[in-house]
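J.:
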Amino acid sequence: MVTAIVMVQAERQRVQETAEALAGVPSVREVYSVTGEWDIVAILKLTRYEDLDDVVTGHLRKVEGITRTQTMLAFRTYNDSLLDQGFGVGLDESQQR
Numbered sequence: 001m002v003t004a005i006v007m008v009q010a011e012r013q014r015v016q017e018t019a020e021a022l023a024g025v026p027s028v029r030e031v032y033s034v035t036g037e038w039d040i041v042a043i044l045k046l047t048r049y050e051d052l053d054d055v056v057t058g059h060l061r062k063v064e065g066i067t068r069t070q071t072m073l074a075f076r077t078y079n080d081s082l083l084d085q086g087f088g089v090g091l092d093e094s095q096q097r
């Protein structure tokens, strides 16, 4: 499984609409509105590396409101329990997922 992280800058007045459109793109599994330089982060899960071209150039370029993107490929995935441990640092048991 190939995981790609796509950071998106969107037209200021179209962030919500752009995020909603991204959520409907095939292979997009998660979409987040975020703070900082980027407006939206989309997580893609693909069966083959070659599918990335179809999704990014075939679908994402057609989404209105996108002004700039940057795509990163994940090298390694760490299991969910390890991630939960990391995000739970400093929280008492009642606050952890």
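Letter by letter, the sequence shown follows residues 1 to 97 in UniProt numbering.
Even glycine gets a Cβ: it sits at the ideal position worked out from N, Cα and C.
1) So, is Gln13 buried or exposed, given that buried needs 16 or more other C-beta atoms within 10 angstroms?
2) Please classify Leu73: is it buried, with 16 or more other beta-carbons within 10 angstroms of its beta-carbon, or exposed?
3) Taking Cβ to Cβ, would you say Ala42 is nearer than 9 Å to Tyr32?
4) With Glu30 as the anchor, note down where its beta strand (DSSP E) starts and where it stops.
5) Let me know the beta strand (DSSP E) ranges lying completely inside the region 32-69, each 3 residues or longer, listed in chain order.
6) Does Ala10 come out as helix, strand or coil in the three-state DSSP assignment?
7) Per DSSP, Leu73 is paired with what?
8) Is the closest heavy atom of the ligand ADP to the C-beta of Pro26 under 8 Å?
T.: In brief:
1) Translated into the one-based positions of the sequence shown, residue 13 becomes position 13. The residue in question, Gln13, is exposed, as its Cβ has fewer than 16 Cβ neighbours within 10 Å.
2) Here residue 73 is taken as the residue at index 73 of the sequence shown, counted from 1. Result: exposed.
3) The residue labelled residue 42 in the question sits at position 42 within the sequence shown. The residue labelled residue 32 in the question sits at position 32 within the sequence shown. For Ala42 and Tyr32, yes; Cβs fall inside 9 Å.
4) As a position in the sequence shown, residue 30 is number 30, starting the count at 1. Here the beta strand (DSSP E) through Glu30 covers 28-33.
5) 40-46
6) Your numbering for residue 10 matches position 10 in the sequence shown. Reduced to three states, the DSSP call for Ala10 is strand.
7) Here the question's residue 73 lines up with position 73 in the sequence shown. BP columns for Leu73 point to Ala4.
8) In the structure shown, the ligand ADP is absent, as is every other ligand, since no ligand is present at all.
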